[in-house]
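First residue of the sequence shown? That's 18 in the numbering used here, and the numbers climb one at a time after it.
Glycine residues also receive a C-beta, built at the ideal position from the N, C-alpha and C atoms.
Because the structure is a prediction, the values reported are computed rather than measured.
Here is the structure we will look at.
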Amino acid sequence: MTNSFTHDVIIIGAGAAGMMCALTAGQRGRRVLLLDHLDRAGAKILISGGGRCNFTNVDGGLAERYLSANPHFARSALGRYRPADFIDLVDRHGIAWHEKTLGQLFCDGSARQIVAMLEEECAASGVETKLLTRISAISKPDERFRVETPGGSLAAPSLVIATGGPSIPKMGATGFAYDVARQFGLKVVEPRPALVPLTLGQDDRLFETLSGVSLDVVASLGKARFREAALFTHRGLSGPAILQISSYWRHGDTLSLDLLPGTDAAALLVAAKQARPRAEPRTILREHFPDRLADVLADRLGLSGPMLGHKDQALVAAGRRLNAWPFMPNGSEGFAKAEVTIGGVSTDGLDQRTLMAKKAPGLHFIGEAVDVTGWLGGYNFQWAWASGRAAGEAA
Ligand code: FDA
């Protein structure tokens, strides 16, 4: 075993947050070692945004777009490294980008450009990167943190944990950060899959026949509301509106889908009955929904025969249901399909300016490992950049 004290900062996890932290600390003249157990850096960046990386959101600086047990925690880091700062970096590297929808910024070309940019910045600021490095233990026997690897024992006064959360384990995701947090006396907020498709149980089985049908909805749960597309799948519900609401959903919660956003469906059905009393309800519904969905909805609402056969009261009730259709998911597709993990290292034990553990000076947690989770649409990368920057300025 060799003892090496050649670095000021060791960062474990060469993902979005770890690379941003490394290049920031490197630019300050710190001697940085960046470790990862995979054979490449930025694996999740490469698959993000369908291969085009939704690298930030124009509203990525708004703390209200992030979920955490402490909703104010992210404000400091997000306020000091803004979407415009990351856009400047992307522009300096000549990477072409576009705004897709709802402030979401994507590469015109490939997510590989973002990884290459971060690797170049790391190299330019003297960061040493070691891939395929398995960490067997961490300790702090003296002033420095000691990191045990098969190649020997490494040590540095600053240690940054940037190993993300357990979502998509087949891509090398682990709960490593939580183990380190507990080892140093920090709490972990129960990690749950988020931005994940939801599954439906027996009661909603009728919707199984709709696999592939998508429509514009407002998905709501408590105060959370998202107007975006929802998609019926053979197991339940997906699409951006559902992924968003999944971050707020817990077992036993019923979510509500407005299937006709912006339209008073009760008034629409009553007016349709007056205008076309002999029309079939499913014909009316087919004017507003994909055919397969209109047929299932008419069946579920018990609307058969001509419109004139239905009392106004029944049509009003049917319309209200269309504007607030209740779904009680029986689960989610889990960490295997979750884009992110909600929960994680509790912000209670961390300093919001530096992401340093209050109980273990020199130890920082950044990115998805921390109990800060963004909305869908570039927010999670913005948190990775901002928290990585904050720790990189302090470590
Ligand atoms: P990240 O997971 O990126 O990096 C962690 C690193 O630590 C990895 O390199 C891993 O190999 C390493 N590691 C883990 N355990 C280790 C251990 N024990 N030892 C050593 N190394 C270890 N977000 C967004 O804003 N826009 C988007 O377009 C998308 N798209 C998207 C698509 C898909 C399919 C997924 C799964 C996720 C997204 N996301 C996203 C979310 C985004 O990828 C995520 O929030 C960030 O990658 C989090 O960055 P971190 O650096 O914290 O973790």
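Contact defined as beta carbons within less than 8 Å: I believe residue i pairs with residue j. What is the distance between those atoms, to the nearest angstrom?
| i | j | result |
| --- | --- | --- |
| A142 | V26 | It should be noted that the sequence gives Ser, not Ala, for residue 142. In fact, because the Cβ distance is near 12 Å, the residues do not count as touching under 8 Å. |
| W114 | F103 | That pair is no contact at about 10 Å. |
| G181 | E350 | About 19 Å; that fails the 8 Å criterion. |
| L286 | A335 | 6 Å |
| L238 | Y265 | 5 Å |
Does DSSP classify residue i as helix, strand or coil?
| i | result |
| --- | --- |
| S184 | coil |
| N87 | coil |
| M345 | coil |
| W266 | coil |
| R252 | coil |
| R151 | coil |
| E304 | coil |
| R370 | coil |
| D281 | coil |
Apart from the five residues just before and just after residue i, which ones in its own chain have a Cβ nearer than 8 Å to its Cβ?
| i | result |
| --- | --- |
| L260 | L212, V213, P214, E356 and L393 |
| P167 | T150, R151 and S153 |
Taking the straight line between their C-alpha atoms, what separation do you get for residue i and residue j?
| i | j | result |
| --- | --- | --- |
| G361 | E81 | 18 Å |
| N20 | I152 | With a pLDDT of 46 at N20, under the threshold of 50, the modelled position of this residue cannot be trusted; read the value that follows with caution. Approximately 15 Å, taken between the alpha carbons. |
| G192 | R309 | 42 Å |
| T390 | Y98 | 17 Å |
| E138 | L40 | 6 Å |
| T216 | G366 | 35 Å |
| L55 | D316 | 51 Å |
| A31 | L248 | 34 Å |
| V206 | D388 | 7 Å |
| P210 | L254 | 15 Å |
| I112 | T146 | 23 Å |
By Cβ distance below 6 Å, which residues in the same chain neighbour residue i in space, the five residues on each side in sequence not counted?
| i | result |
| --- | --- |
| A411 | T371 |
| A296 | M324 |
| R199 | none |
| M373 | H381 |
With which residues is residue i paired in a DSSP beta bridge?
| i | result |
| --- | --- |
| E145 | L50 |
| A172 | R163 |
| F103 | Its beta-bridge partners do not exist; DSSP assigns none. |
| I359 | R209 |
| Q121 | N74 |
| M391 | Note on residue identity: the sequence assigns Gly, not Met, to residue 391. According to DSSP, which records beta bridges pairwise, G391 is partnered with Y83. |
| I28 | L51 and V177 |
| V235 | R244 and D275 |
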